[in-house]
Amino acid sequence: MQSHSTQPSSQIQVTDLTVSVARQVLISNLNWQINAGDCWCIIGRNGAGKSTLMRTLAGLLPVVHGTVAINGRSLTSWPLMDLARLRAYLPQGRNDAFGYRAIDTVLAARHPYHDGGYWESEQDIDLALAALAELDVDHLAHRDVRSLSGGERQRVALAALIVQYAQCILLDEPTTALDLPHQVNVMELIARRCKSHHNAVIMVSHDLNLAFRYATHALLLMPDGAWQAGPVGETMTRDSLSKCLEHPIDAVWHGEQCLFVPH
Amino acid sequence: MSADAKNRSKVVLITLLLAALICLALSACIGSVMIAPAGLLDALRELLHGAPDSLNATLVALRLTRASTAFVTGSTLALAGVLMQALLRNPLADPYVLGISSGAAVGALTAMLWMGAALIIDLSAFGGAVIVAGLLFFLAYNDFKGTGSTEGGATTLLLTGVVIGAGCMAVVALILSVASDSRLRSMVFWMIGDLSATGPRYVNWLVLAGVLIYVSSLSRAMNVAAMFSDNASTLGVSIARLRKSLFFCAALLTASAVSSAGSIGFVGLIIPHACRFAWGPDHRLLLPASCLAGGAFLMLADTLARTVIAPQQLPVGVVTALIGVPVFLLQLHSHRAHYAKS
C-alpha cells in the first residue's frame, strides 16, 4: 500500500472561539485542544451549534471570533490542497444531483493526491475497493449513488472519508442512518483509526451509549452557550448530561457497560 | 479499471469523431443538388488544389462552410450546457437559463431595428450577452464565494438569471411590436436560430478550442464539486474559483454561439443529457464527448433544415426541437423504466 506522510503530533487547537448563527451566540469562548489519538464526541441539543462548530473546524464557515489552528498553523492560512490531505470531513446530509457510481465518489476523495493526473491510478482503485469492502458496500461499487438507501449511501461516504487518508477526521453524525450492526462496525472502525493510525477524531453523536463506549473525550455544549470538555469519565456523568440535554438522565451499569437512560 | 476508463473514453471519442465526419460528408452531399460520394472526392481534390471551377466544387465549398459553422455552434452550445449544469449543480440547466442569450437577443434586435450590418448585429448581440453576464456576476456575487449551503446550487444566481432573462424578453417583445414588417421576419428567424447567413467563423472556433482546453484541466475538480457540492473545498477544490471560472466560460460560450447563429434551442440541454445517459456523468469524458456529439447533431439538423422542404429552408432551431424533444423523452422514459426494474 501507499505510504502516507504521517505527522504524529497532529492536533487541532481551538482558542477563544465564539460560534454564532444569525447574531445569536451558540458557543462562547471555546478553548479546546484535540490531540492525535483522541476520539472526541460532541454532545448537545438540536440547535446547540454542533454542526456549525464542525463546519467551522472544516473551514466551510469563516472563523469570526477566536482562532482555529491545525498543527500550529491557522486554518485560514493552510492551502486548500494541503489541508485536504490533513483533514477530512463527513457532512450530515448528502445531495446527489448527478448519477455518479458509488466507486466514483470514493475515487474523488483521492483528488488531493493527484494534482496533474487526468485519470486515477490502479492503486487508487485498489484503495477505493478496499475501503468499500471495509464498510461492507463493495457489492454496490457500480451502483448509481442516487439509487442507494440512506444507510448504504452513508457507508459509501465513510469509505470516501477513509481513502482521503487524513490525520484529523471530522464526522457529523456518522451513524445516524445505519442499522445496529453497522453502527457498531463504524464506531469500531473509527476507534481503530484513533488507536492504530493515531488519528484525531471529532464526531457529533446523539447516541450517548455508543459515544461512551467508543469515544475517549467528550465536549458538552450547554444550552446557555457554556461548554464542558474532558475525558468521557469526567464529562459524561449523569448530572452534566442532564444539564446539557435539559432532560433527566440516569446512568445504569450493565456488567462492564454504562447505559444512559432518559427518565 | 483505470486503464478501462481511459480506453473506454478513447473508443467513445473516436466513434463520435467518425460519426461527426460522416455527418460532415452527408451535409456536403445532400441538398437540392445531390452529389455522389465519388463526386464529393473529386470536388474535395479540386478545392485542395485551388479555386473551385465546377458546380460541384462550389456547392461542396458552400455546404462545408455552413456545416462547419453548424458544428462549431452545436459544439459550443453543448459545452456551455455541460458547464452551466455543473455550475448550477442542476441537470435541468441549459445555456439559456441565466438570461445571457436573452441579453444577446436584445442586442441583436436593437441593431436590426436600426438596420445594422451583419457584423454590427453580431457585435451588438455579443455586447448584450456580456452586459447581462456582468450584471449577474455582481448581483449574485454571494453565490460565487462558495460558502453557501450543502445543496451548492447557486440559487441566487439562478433566480437572478431567470428574472433578468424575463426582463430582457419583455424588451424583445417591445422591439418586435414596434419593428416594421420587413424586419420582423429576420428578427424572428434570428430568435429561433438560423445558420443560413454564414461565412467561416474563426472567432467561434478559437473560443471553443480555448474554453475546451481550459475546462479539461478543471474536469476533475468539476467532478468533485458535482458530487460533494460546497463540501468539495474539504477535498482541496476552491469552490469560489471554480464557480467563477465555470460562469465565465459558460457565458463566453453562450455569447459566442448566440451572437453568430441566434438562440438555437435544445442542443445545450439535450446533448449533455444524452451523453450522460450513454456514458455517465464523469466530466473527463463528458466535456469532449458533448462537444463532438453537439457538433454532429447540429450539422445533421441543419442538413435536414435546408432539405426537408427545399427549396425553402426551415430555421434549424425548429428542427433541433422537433428531433430533440421526442428523442429526449424516449430516452428519459426508458432510463426511468430501467431504473424501476433494477
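Residue numbers (this note's numbering), protein chains in the order written: chain A, 1 to 263; chain B, 1001 to 1342.
All C-beta atoms, glycine included, are put in the ideal place defined by N, C-alpha and C.
All figures in this text were calculated on a predicted structure; none of them were measured in a lab.
**Prompt:** Which residue's Cα is closest to the Cα of Trp32(A): Ile42(A), Arg23(A) and Gln24(A)?
**Reply:** Numbered from 1 along the first sequence, position 32 holds the residue referred to as residue 32(A). It is Ile42(A).
**Prompt:** Among Pro1315(B), Met1227(B), Gly1193(B) and Ala1179(B), which residue has its Cα nearest to the Cα of Ser1259(B)?
**Reply:** Working through the second sequence from its first residue, we reach residue 1259(B) at position 259. Comparing Cα-Cα distances from Ser1259(B) to each of Pro1315(B), Met1227(B), Gly1193(B) and Ala1179(B), the minimum goes to Gly1193(B).
**Asked** Leaving out five residues before and five after Asp1282(B) in sequence, what residues of the same chain have Cβ atoms less than 7 angstroms from its Cβ?
**Response** Working through the second sequence from its first residue, we reach residue 1282(B) at position 282. If we look at Asp1282(B) and ignore the five residues flanking it on each side, its Cβ neighbours are Asn1223.
**Message:** Going by beta-carbon coordinates alone, are Trp78(A) and Val201(A) separated by less than 8 angstroms?
**Reply:** To locate residue 78(A), count along the first sequence from 1; it is residue 78. To locate residue 201(A), count along the first sequence from 1; it is residue 201. Contact: no.
**Asked** Leaving out the 5 sequence neighbours to the left and right, which residues in its chain are closer than 8 angstroms to Arg1183(B) when beta-carbon positions are compared?
**Response** Against the second sequence, residue 1183(B) aligns to sequence position 183. If we look at Arg1183(B) and ignore the five residues flanking it on each side, its Cβ neighbours are Met1112, Leu1113 and Met1115.
**Request:** Could you name the residues of chain A that Val1224(B) contacts, counting a contact when the two beta carbons are closer than 9 angstroms?
**Result:** In the second sequence, residue 1224(B) corresponds to position 224, counting from 1. Neighbours of Val1224(B) on chain A, chain order: Ala108, Ala109 and His111.
**Prompt:** What residues from chain A crowd round Leu1235(B), counting only those whose CB sits closer than 8 angstroms?
**Reply:** Numbered from 1 along the second sequence, position 235 holds the residue referred to as residue 1235(B). Result: Ala84, Ala108, Ala109, His111, Pro112 and Gln164.
**Asked** Which one or two residues does DSSP pair with Phe260(A) in a beta bridge?
**Response** Your numbering for residue 260(A) matches position 260 in the first sequence. Phe260(A) is bridged to Ala251(A).
**Asked** CB-CB under 6 angstroms to Ser242(A), same chain, minus the five flanking residues each way: which ones, in chain order?
**Response** Numbered from its first residue, the first sequence carries residue 242(A) at position 242. Correct list, in chain order: Pro248 and Ile249.
**Request:** State the CB to CB distance for the pair Ala1057(B) and Leu1048(B), rounded to an integer number of angstroms; the pair is presumed to be in contact (CB under 8 angstroms).
**Result:** Within the second sequence, the letter at position 57 stands for residue 1057(B). Within the second sequence, the letter at position 48 stands for residue 1048(B). Actually they do not touch by this definition, with Cβ atoms about 10 angstroms apart.
**Prompt:** So what's Ser1238(B) in DSSP terms, helix, strand or just coil?
**Reply:** For this step, residue 1238(B) is matched to residue 238 along the second sequence. Coil, per DSSP.
**Message:** For His142(A), report the span of its alpha helix (DSSP H) as first-last.
**Reply:** Sequence index remark: in the first sequence, residue 142(A) carries index 142 (1-based). Careful: His142(A) lies outside any alpha helix (DSSP H) and carries neither H nor E.
**Asked** With a cut-off of 8 angstroms, does the C-beta of Met81(A) fall near any C-beta of chain B?
**Response** In the first sequence, counting from the first residue as 1, residue 81(A) sits at position 81. Closer than 8 angstroms: yes.
**Asked** Near Ala1078(B), what residues of its chain come up, given a Cβ to Cβ distance below 7 angstroms and the 5 sequence neighbours on each side ignored?
**Response** On the second sequence, residue 1078(B) is found 78 positions in, with the first residue counted as 1. For Ala1078(B), where only same-chain residues beyond five positions count, the Cβ hits under 7 angstroms are Val1267, Gly1268, Ile1271, Pro1272, Ser1290, Cys1291, Ala1293 and Gly1294.
**Message:** In whole angstroms, give me the CA-to-CA distance for Gln67(A) and Arg55(A).
**Reply:** Translated into positions along the first sequence, residue 67(A) becomes position 67. Translated into positions along the first sequence, residue 55(A) becomes position 55. The sequence shown places Thr at residue 67(A), rather than the Gln named in the question. Thr67(A) and Arg55(A) have their C-alpha atoms roughly 14 angstroms apart.
**Prompt:** Quick one, are the C-beta atoms of Leu161(A) and Leu220(A) less than 8 angstroms apart?
**Reply:** In the first sequence, residue 161(A) corresponds to position 161, counting from 1. In the first sequence, residue 220(A) corresponds to position 220, counting from 1. Against a cut-off of 8 angstroms, the Cβ pair of Leu220(A) and Leu161(A) comes out as no contact.
**Prompt:** Which residues, in chain order, does the segment 1064 to 1098 of chain B contribute to contact with chain A at a C-beta distance below 8 angstroms?
**Reply:** Arg1089, Asn1090 and Pro1091
**Collapsed DSSP secondary structure at Met203(A) in the structure displayed** = Within the first sequence, the letter at position 203 stands for residue 203(A). Three-state result, Met203(A): strand.
**Prompt:** Is the CB-CB distance between Ala102(A) and Arg143(A) below 8 angstroms?
**Reply:** In the first sequence, the residue the question calls residue 102(A) occupies position 102. In the first sequence, the residue the question calls residue 143(A) occupies position 143. A distance below 8 angstroms separates the beta carbons of Ala102(A) and Arg143(A).
**Request:** Mind checking the segment 33 to 47 of chain A against chain B and listing, in chain order, the residues whose C-beta falls within less than 7 angstroms of any C-beta there?
**Result:** none
**Request:** Would you identify the three-state DSSP class for Ser1219(B), choosing helix, strand or coil?
**Result:** Mapped onto the second sequence, residue 1219(B) falls at position 219. Looking at Ser1219(B) - three-state DSSP - the assignment turns out to be helix.
**Request:** State whether the segment 1199 to 1211 of chain B contacts the segment 1128 to 1143 of chain B, with contact taken as three or more CB pairs (one from each stretch) at a distance under 8 angstroms.
**Result:** no
**Message:** With the cut-off set at 8 angstroms, would you say Ala97(A) and Arg1089(B) are in Cβ contact?
**Reply:** Within the first sequence, the letter at position 97 stands for residue 97(A). Within the second sequence, the letter at position 89 stands for residue 1089(B). Contact: yes.
**Message:** If we define contact as Cβ-Cβ less than 8 angstroms, is Arg1220(B) a contact residue for chain A?
**Reply:** One-based indexing of the second sequence puts residue 1220(B) at position 220. With 8 angstroms as the cut-off, Arg1220(B) counts as an interface residue toward chain A.
**Assigned secondary structure, Leu1158(B) (DSSP; H/G/I helix, E/B strand, else coil)** = Stepping through the second sequence from its first residue, residue 1158(B) is reached at position 158. In this structure, Leu1158(B) counts as helix in the three-state DSSP scheme.
**Prompt:** Assuming Leu1206(B) contacts Ala1070(B) under a Cβ cut-off of 8 angstroms, what Cβ separation, rounded to an integer in Å, is found between them?
**Reply:** Position 206 of the second sequence holds residue 1206(B). Position 70 of the second sequence holds residue 1070(B). Not a contact, Cβ separation roughly 17 angstroms.
**Request:** Kindly indicate if chain B contains any beta-carbon less than 8 angstroms away from that of Asn95(A).
**Result:** If you number the first sequence from 1, residue 95(A) lands on position 95. For Asn95(A), the answer is yes, since a Cβ of chain B falls inside 8 angstroms of its Cβ.
**Start-end ranges of the alpha helix (DSSP H) lying completely within the segment 95 to 120 of chain A, minimum 4 residues** = 102 to 108
**Asked** Would Asn199(A) be called buried (16 or more neighbouring beta carbons within 10 Å of its own) or exposed?
**Response** Locating residue 199(A) in the first sequence gives position 199, where the first residue counts as 1. It is buried - the Cβ of Asn199(A) has at least 16 other Cβ atoms within 10 Å.
**Prompt:** Less than 8 angstroms separating the beta-carbons of Met1299(B) and Ser1027(B)?
**Reply:** As a working note, residue 1299(B) is residue 299 in the second sequence. As a working note, residue 1027(B) is residue 27 in the second sequence. A contact, by the Cβ cut-off of 8 angstroms.
**chain A contacts made by the segment 1286 to 1300 of chain B, where a contact means CB separation under 8 angstroms** = none
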